[in-house]
Amino acid sequence: MPAETPLDDAPAGPAVPAEAVAPLMRGITVLGRLTEAGGTLSPSGLERATGLARATVDRITSTLARMGYVRLDGRDVVLAPRLMELGNAYLAALRLPGLLAAPADALADELDESVSLAVGDRDGIRFIHQATRRRAMSLSFRIGDLLPAERTAPGPLFASEWTEEDWRGWRARRAADPDDRGFPAVPPREPGDTDGEFEARAAQARSDGWALDDELIEPGLVAVSVPVRSPGTGRIACVASVVSHTSRHTATDLRDTLLPRLRAAVADMERTLRDAPAARADAAPGGLAAWTGASKQELGREFVESLARGLTVLTAFGEGRAALTLTEVARATGLARATARRALITYEHLGLVVAGAARSGGGPVAVGPGPVGGPQRAFALTPRVLSLGFPLLSRTSLPRIAGPHLADLAARVHESASLAVLSGDEIQYTARAAADRVMSVDITVGTRLPATATSLGRVLLADPQTATRGYALLDEEWEEGLRSIAVPVHDRTGRIVAAANVALHAARRTAEECVRDILPELRATVERIEGEVAVAGRFVRVPLY
Numbered sequence: 001m002p003a004e005t006p007l008d009d010a011p012a013g014p015a016v017p018a019e020a021v022a023p024l025m026r027g028i029t030v031l032g033r034l035t036e037a038g039g040t041l042s043p044s045g046l047e048r049a050t051g052l053a054r055a056t057v058d059r060i061t062s063t064l065a066r067m068g069y070v071r072l073d074g075r076d077v078v079l080a081p082r083l084m085e086l087g088n089a090y091l092a093a094l095r096l097p098g099l100l101a102a103p104a105d106a107l108a109d110e111l112d113e114s115v116s117l118a119v120g121d122r123d124g125i126r127f128i129h130q131a132t133r134r135r136a137m138s139l140s141f142r143i144g145d146l147l148p149a150e151r152t153a154p155g156p157l158f159a160s161e162w163t164e165e166d167w168r169g170w171r172a173r174r175a176a177d178p179d180d181r182g183f184p185a186v187p188p189r190e191p192g193d194t195d196g197e198f199e200a201r202a203a204q205a206r207s208d209g210w211a212l213d214d215e216l217i218e219p220g221l222v223a224v225s226v227p228v229r230s231p232g233t234g235r236i237a238c239v240a241s242v243v244s245h246t247s248r249h250t251a252t253d254l255r256d257t258l259l260p261r262l263r264a265a266v267a268d269m270e271r272t273l274r275d276a277p278a279a280r281a282d283a284a285p286g287g288l289a290a291w292t293g294a295s296k297q298e299l300g301r302e303f304v305e306s307l308a309r310g311l312t313v314l315t316a317f318g319e320g321r322a323a324l325t326l327t328e329v330a331r332a333t334g335l336a337r338a339t340a341r342r343a344l345i346t347y348e349h350l351g352l353v354v355a356g357a358a359r360s361g362g363g364p365v366a367v368g369p370g371p372v373g374g375p376q377r378a379f380a381l382t383p384r385v386l387s388l389g390f391p392l393l394s395r396t397s398l399p400r401i402a403g404p405h406l407a408d409l410a411a412r413v414h415e416s417a418s419l420a421v422l423s424g425d426e427i428q429y430t431a432r433a434a435a436d437r438v439m440s441v442d443i444t445v446g447t448r449l450p451a452t453a454t455s456l457g458r459v460l461l462a463d464p465q466t467a468t469r470g471y472a473l474l475d476e477e478w479e480e481g482l483r484s485i486a487v488p489v490h491d492r493t494g495r496i497v498a499a500a501n502v503a504l505h506a507a508r509r510t511a512e513e514c515v516r517d518i519l520p521e522l523r524a525t526v527e528r529i530e531g532e533v534a535v536a537g538r539f540v541r542v543p544l545y
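Quick note: the sequence shown uses my numbering, first residue 1, plus one each step.
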């Protein structure tokens, strides 16, 4: 059985609705296959993996590239950080990561163990926050990873609220996928465990109010979990877990020594949820319909407008917009009601949105008034939205984000471009793109130089002249014949975290020409880097190295 993708895992019973948007379904399939393949596939590989015609693959990837969700890197199609805005929409609408990440991180620091938050996703669990410890033997789970409920500590707790229909679906999945091949984040299932064992664990979790994972995922991994309940309904909103290795704790030791502290932390989390003010709606994305129309005009048949418009529907959700009616989705995106309706029908079939009452972990849903009297259904995103590349991209570093943009810059100006961070009184180069010239600046990633002697360092040190101008120009001060110009790189909070520069031989451009010709290109490149950092860093930390 292939790894989980939204299209493969769509409900087997109902046929595809007549009003479903075929290009949108194909686009989701392409994103799913790219996710399965580790984020990179050639167009011919996508053709084989999806069964779509090559021309269709090319049009879909061209559209996704225009949206910034993939980049076309030579012969490969690569998932890009901006795709994370879809998962961000779910996490923002859910609110739990924003409210509970800080106490989860504090608990991890106190216990010196990994702490995770997970929500229920059908008959599995999906992580929405990870606070991991840096050790040789450490967790590799990522935000968005899906695990089978029966092989985790949170699973029995979520299963304690399952309906009989949920249990039937779980048994059917187990029978169809006896090795858990549909869960790429975990090793194949070991033979021997029975359905009855998990049913007993769920019953015990319902009675105890906590659950253990005693090496169920793989040997050596143990965890203890406690549910965080919604103040409005009393149902499980998410589950907090402390995860360790048997070299540090046995499962019994986790229960005896760390469970009391975990329970106290969960009580604090529940108070946080209870006392949290009502969500303030963040700004809905504006002008999306106009943007897709303009892109269609520019690219012609290479731009699949129905795919782009369908994907913009997911970004209509967010903080304070957890549940939206059709009218609200259309208003937020600028799409016609009929277009928004067909996209929502498609997503409901694929399990990416739910209408009416949400299942545990799927996000709050309310019913709003319809336009002609009577109720109108409200829709909410489900955790499956995180399956669209989010786990792979959630560990994207600043150098990986910057690398392709620096390469584009170097190709445009025909000079070398670099990224560096401050390390004490030195700078360290973390990304480089060399110019295609006989003579170019030759510095490798990892090189350290005195900060005061480089344009990159002067930006990072922010001396008065640099702060005023917004850039630093080094004119043959470090080495005769070498000129470089640098600007700061900010994270999503506005803090300077790195600097980017262009370096060249003085014979090719004067200092004035560097400011006139190179600086605007450099600033535009950094703006694109900062845009992707802002998306990638909304719910995860973007490493600087």
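Just so you know, even glycine gets a beta-carbon here, dropped at the ideal spot from N, CA and C.
Just so you know, these numbers come straight off a predicted model, no measurement behind them.
Cα-Cα, which of the options is closest to residue i?
i, options, result
"G98", "F539, L544, P543 and Y545", "F539"
"R75", "R82, A486, G87 and T61", "T61"
"L344", "F317, A498, F379 and E319", "F379"
"E199", "W162, R181 and L460", "W162"
"R395", "R142, S44 and A131", "R142"
"Y90", "L449, L350, G287 and L314", "L314"
"D214", "R235, A93, A203 and E150", "E150"
"V119", "D112, H129, L111 and A202", "H129"
"T452", "E426, H405 and A411", "E426"
"D58", "G192, A290, V304 and A536", "V304"
"E527", "P543, E197, I496 and T510", "I496"
"L308", "A102, G287 and T325", "With the sequence shown as reference, residue 308 is identified as Ala, and Leu is not the correct amino acid for it. The option with the nearest alpha carbon to A308 is G287."
"A323", "G457, G351, L381 and L352", "L381"
"P543", "P464, A524 and A431", "A431"
"V77", "A93, V385, S42 and E36", "S42"
"R458", "L473, G446 and T444", "L473"
"A80", "D491, L393 and I125", "L393"
Over what stretch of residues does the alpha helix (DSSP H) that includes residue i continue unbroken?
i, result
"H405", "L398 to V413"
"G457", "S455 to L461"
"A472", "Not the alpha helix (DSSP H): A472 falls in the beta strand (DSSP E), residues A472 to D475."
"A268", "Rather than Ala, the amino acid found at residue 268 in this sequence is Asp. Segment L259 to D275, the alpha helix (DSSP H) holding D268."
"S549", "Only positions 1 to 545 of the chain appear in the structure, and residue 549 is not among them; the question remains open."
"G531", "L519 to A536"
"G287", "No alpha helix (DSSP H) holds G287; DSSP gives it neither H nor E."
"P154", "P154 to A159"
"L482", "L482 -> not in any alpha helix (DSSP H); beta strand (DSSP E) instead, spanning L482 to H490."
"V57", "R54 to M67"
"F390", "F390 to L393"
"T469", "Reading off the sequence shown, one finds Arg at residue 469, where the question assumed Thr. It spans P464 to R469 - the alpha helix (DSSP H) in which R469 sits, taken as one unbroken run."
"P17", "Where P17 is concerned, there is no enclosing alpha helix (DSSP H), given that its DSSP letter is neither H nor E."
"R48", "P43 to T50"
Where does the unbroken beta strand (DSSP E) through residue i begin, and where does it stop?
i, result
"L381", "A378 to L381"
"E426", "E426 to A433"
"L86", "Premise fails: L86 lies in the alpha helix (DSSP H), M84 to L94, not in any beta strand (DSSP E)."
"D76", "D76 to L79"
"S423", "S416 to S423"
"L24", "Unbroken run through L24 is the alpha helix (DSSP H), A22 to E36; no beta strand (DSSP E)."
"L72", "V70 to D73"
"A503", "I496 to H505"
"R560", "With the chain covering only 1 through 545, there is no way to say anything about residue 560."
"L147", "L146 to P148"
"V353", "V353 to A355"
"R448", "R448 to P450"
Please classify residue i as buried or exposed, where buried requires at least 16 neighbouring CB atoms within 10 angstroms.
i, result
"H414", "exposed"
"A366", "Unreliable positioning characterises A366 in this predicted model, as indicated by a pLDDT of 33, which lies under 50. The coordinate reading is nonetheless provided below. Burial call: exposed."
"P14", "exposed"
"G470", "exposed"
"P464", "exposed"
"R541", "exposed"
"E164", "exposed"
"G38", "exposed"
At a cut-off of 8 Å, would you count residue i as near the ligand HEM, judging by its Cβ distance to the nearest heavy atom?
i, result
"W478", "The model on display carries no ligand, and the ligand HEM is accordingly not part of it."
(request) Pair every Cβ in the segment 498 to 506 with every Cβ in the segment 477 to 484, then say whether three or more of these pairs are closer than 8 Å. (result) Contact between the segment 498 to 506 and the segment 477 to 484 is present, because at least three Cβ pairs lie under 8 Å.
(message) As an exercise, report each continuous beta strand (DSSP E) stretch of at least 3 residues that is fully enclosed by the segment 165 to 251, in chain order.
(response) Runs found: 211 to 214, 221 to 229 and 236 to 245.
(message) Does the structure place the segment 52 to 59 close enough to the segment 92 to 108 that three or more beta carbon pairs sit under 8 Å?
(response) Counting C-beta pairs with one atom in each stretch, the segment 92 to 108 and the segment 52 to 59 have fewer than three that are closer than 8 Å, which means they do not touch.
(request) Taking 8 Å as the threshold, find out whether the segment 144 to 160 comes into contact with the segment 177 to 188 through three or more Cβ pairs. (result) These segments touch.
(request) May I ask you to verify whether the segment 396 to 408 touches the segment 329 to 343, counting CB pairs closer than 8 Å and requiring at least 3? (result) Contact between the segment 396 to 408 and the segment 329 to 343 is absent, because fewer than three Cβ pairs lie under 8 Å.
(request) Say whether the segment 152 to 162 touches the segment 239 to 258, bearing in mind that this needs 3 or more beta-carbon pairs closer than 8 Å, one atom from each stretch. (result) Contact holds: three or more Cβ-Cβ distances are below 8 Å.
(message) If contact is defined by three or more beta carbon pairs under 8 Å, each pair taking one atom from either stretch, is the segment 273 to 281 in contact with the segment 41 to 50?
(response) Short answer: they don't touch.
(message) Taking contact to mean 3 or more Cβ pairs, one atom from each stretch, closer than 8 Å, check whether the segment 281 to 296 and the segment 251 to 258 are in contact.
(response) At 8 Å Cβ cutoff, the stretches do not touch.
(message) Suppose only complete runs of 3+ residues qualify. What are the beta strand (DSSP E) ranges in the segment 306 to 348, listed by chain order?
(response) DSSP runs (the beta strand (DSSP E)) wholly in the segment 306 to 348: none.
(message) Tell me whether the segment 519 to 533 and the segment 67 to 86 touch, counting them as touching only if at least three CB pairs, one residue from each stretch, are closer than 8 Å.
(response) Touching, per the Cβ criterion.
(request) Count the CB pairs spanning the segment 384 to 395 and the segment 79 to 89 that are closer than 8 Å, and state whether there are at least three. (result) Contact holds: three or more Cβ-Cβ distances are below 8 Å.
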